[in-house]
Amino acid sequence: MTTLATAPARRFPPTGGIGAGMFRLGLGRVWGRARPLIIVALPLLMLAVTLGLLAGAWRITRDNAAIRSLAGGNDVAVPRDAAPALLLARVQHLARRGAVEAIEPLIEALDRAGEVERAARARYALANAHLRQAFDLLERGDLDPAGPRITLARQEYRRALQGRPDFWDAKFNLDVASRLLRDFPDFDRKSGDELKAEPKKIWTDIPGQPRGQP
Numbered sequence: 001m002t003t004l005a006t007a008p009a010r011r012f013p014p015t016g017g018i019g020a021g022m023f024r025l026g027l028g029r030v031w032g033r034a035r036p037l038i039i040v041a042l043p044l045l046m047l048a049v050t051l052g053l054l055a056g057a058w059r060i061t062r063d064n065a066a067i068r069s070l071a072g073g074n075d076v077a078v079p080r081d082a083a084p085a086l087l088l089a090r091v092q093h094l095a096r097r098g099a100v101e102a103i104e105p106l107i108e109a110l111d112r113a114g115e116v117e118r119a120a121r122a123r124y125a126l127a128n129a130h131l132r133q134a135f136d137l138l139e140r141g142d143l144d145p146a147g148p149r150i151t152l153a154r155q156e157y158r159r160a161l162q163g164r165p166d167f168w169d170a171k172f173n174l175d176v177a178s179r180l181l182r183d184f185p186d187f188d189r190k191s192g193d194e195l196k197a198e199p200k201k202i203w204t205d206i207p208g209q210p211r212g213q214p
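Residue numbering for the sequence shown is 1 to 214, as defined by UniProt numbering.
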């Protein structure tokens, strides 16, 4: 009986054995080359992050100090690209001093930054400054510039309410300004003597006054 010769069975390496080994070998070589760079770069990256955090903390501390100084009545210069909270503090400081001409560019900066809440508060402070100036003029009997100041105050109160409809103080002071125009419908025909006592009377009739707080 003839016996057929059979070829020995071929043995194949386990699936993926050679490929996985080559991959591990390549990864090891990459790690070996990159390791010195990573060892050097990692501390530098951590240092950069730390310096960034320290710089941010320093800016916050600096801005807070400037805000406190402005609130205390000190004149601190503030760039238009400053933090929104610092811009608002500068506006409130200028409003208390009656420097209304310097306020509008700062409000525009708040608008560009999308700071609706702070822009409304800034316009409220500006409106208060206009209204205070109007009362000073009325008490001196200087009618010609008083009317436009009241109009400007009403305009800024309305703008503040557009950004913040629930701004009760702005609503209250808008009513004060509107009542002034009702009580003095024709500024050109009023004499100084007739007006000297009337502004004080208005204050006693209205339960409050234009808010001094920004």
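Just so it is clear, CB atoms sit at the ideal spot from N, CA and C, and this is done for glycine as well.
Buried or exposed (CB count within 10 angstroms, at least 16 for buried), G73: exposed
What is the DSSP secondary structure of I36, counted as helix, strand or coil? Per the sequence shown, residue 36 should be read as Pro rather than Ile. In the structure shown, P36 sits in a helix (DSSP, three-state: H, G or I).
Spatial distance of G141 from I60 (CA atoms): 46 Å
What would DSSP say about G192, mapped onto helix, strand or coil? In this predicted model, G192 has a pLDDT of only 42, less than 50, meaning its place in the structure is not dependable; the value taken from the coordinates is given anyway. Note: G192 maps to helix in three-state DSSP.
Would the beta-carbon of I103 fall within 8 Å of that of A85? no
The alpha helix (DSSP H) spanning D166 covers which residue range? Looking at the DSSP string, D166 is not in any alpha helix (DSSP H), and its letter there is neither H nor E.
With distance defined between alpha-carbon atoms, name the residue in F172, L138, K171 and L152 nearest to D183. L138
DSSP state of D175 mapped onto helix, strand, coil: helix
Please classify I103: does DSSP put it in a helix, a strand, or coil? coil
What span of residues does the alpha helix (DSSP H) with D136 cover, start to end? V116 to E139
Return the chain-ordered list of same chain residues with a C-beta closer than 8 Å to the C-beta of D193, the five sequence neighbours on each side being excluded. Here D193 scores only 41 on pLDDT, less than 50, and its place in the model should not be relied on; the value that follows carries that caveat. Correct list, in chain order: G141.
Are there 16 or more other CB atoms within 10 angstroms of the CB of E101, so buried, or fewer, so exposed? exposed
Anticipated Cβ contact below 8 Å, A125 with A95, distance rounded: 4 Å
Closest Cα partner of G147 within the set N64, A65, L181 and D111: L181
Are R118 and L110 closer than 8 Å when you measure CB to CB? yes
Report back the beta-carbon spacing between F167 and A129 to the nearest angstrom; my notes put them in contact at under 8 Å. In fact, because the Cβ distance is near 16 Å, the residues do not count as touching under 8 Å.
In terms of residues, what are the limits of the alpha helix (DSSP H) holding R90? P84 to R97
Among A153, R123 and A122, which residue has its Cα nearest to the Cα of A134? A153
Anyone know if the C-beta pair for V78 and A122 falls short of 8 Å? no
In three-state terms, what does DSSP make of R182? helix
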